[in-house]
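>
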Amino acid sequence: MKALIDSDVLLDFLDGFAPAGEELTRYRERCVSIISWIELMAGAKTSAEEETRRTFLNHFRILPLTAEVAEETVILRRKYRIKLPDAIIWATAIVENCLLVSRNRKHFPANQPGVRFPYRR
1 MKALIDSDVL LDFLDGFAPA GEELTRYRER CVSIISWIEL MAGAKTSAEE ETRRTFLNHF
61 RILPLTAEVA EETVILRRKY RIKLPDAIIW ATAIVENCLL VSRNRKHFPA NQPGVRFPYR
121 R
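Numbering (our numbering), first residue to last: 1 to 121.
Structure, rendered in structure tokens:
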């Protein structure tokens with residue numbers, strides 16, 4: 001199964017939270033939105049942390065912001081009134097036919113097909 005992993009799950013893994021690691025092993029193809037890539041890289045506090053994050057993210061397929069993703073983002077923002085970064089991440093998952101894996105129940109509707117909340121933290 002192909003999954004787009006949200007920033008919160010990626011950060012949980014980097015923090016050593018075991019359920020995040022277990023979740024990542026479930027998927028044959030793991031992808032990350034360019035938005036999550038930016039969030040993780042911009043959040044690095046030291047050059048060593050930046051290098052660790054860059055190396056980690058190299059194990060994922062980085063999905064770009066395309067015109068098709070932008071169109072889907074507009075639809076999601078209008079329908080669900082979610083923040084732009086979250087809408088882009090979700091739209092990327094939809095366009096790329098990925099399961100969206102997040103623990104962000106606040107920003108993504110729990111009853112939507114194609115969205116998975118694997119654990120709470």
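We put the beta carbon where it would ideally sit given N, CA and C, even for glycine. The structure presented is a predicted model; accordingly, all values stated were derived computationally and were not measured.
1) Considering only DSSP beta bridges, list what Ile62 is partnered with.
2) Would you mind stating whether Ile82 and Ser36 have Cβ atoms separated by less than 8 Å?
3) Are the beta-carbon atoms of Arg121 and Arg103 separated by less than 8 Å?
4) Quick one: Cα of Thr25 to Cα of Leu76, how far?
5) Excluding the five sequence neighbours on either side, which residues of its own chain have a C-beta within less than 7 Å of the C-beta of Leu65, listed in chain order?
6) Is any heavy atom of the ligand FMN found at a distance shorter than 7 Å from the C-beta of Leu10?
7) For Phe13, which residues in the same chain have their Cβ closer than 7 Å to its Cβ, ignoring the five residues on either side in sequence?
8) Within this structure, are the beta carbons of Val101 and Asp6 separated by less than 8 Å?
Put simply:
1) Val32
2) no
3) yes
4) 29 Å
5) Ile34 and Ile88
6) With respect to the ligand FMN, the structure shown offers nothing to examine, as it has no ligands at all.
7) Ala20, Gly21 and Leu24
8) yes
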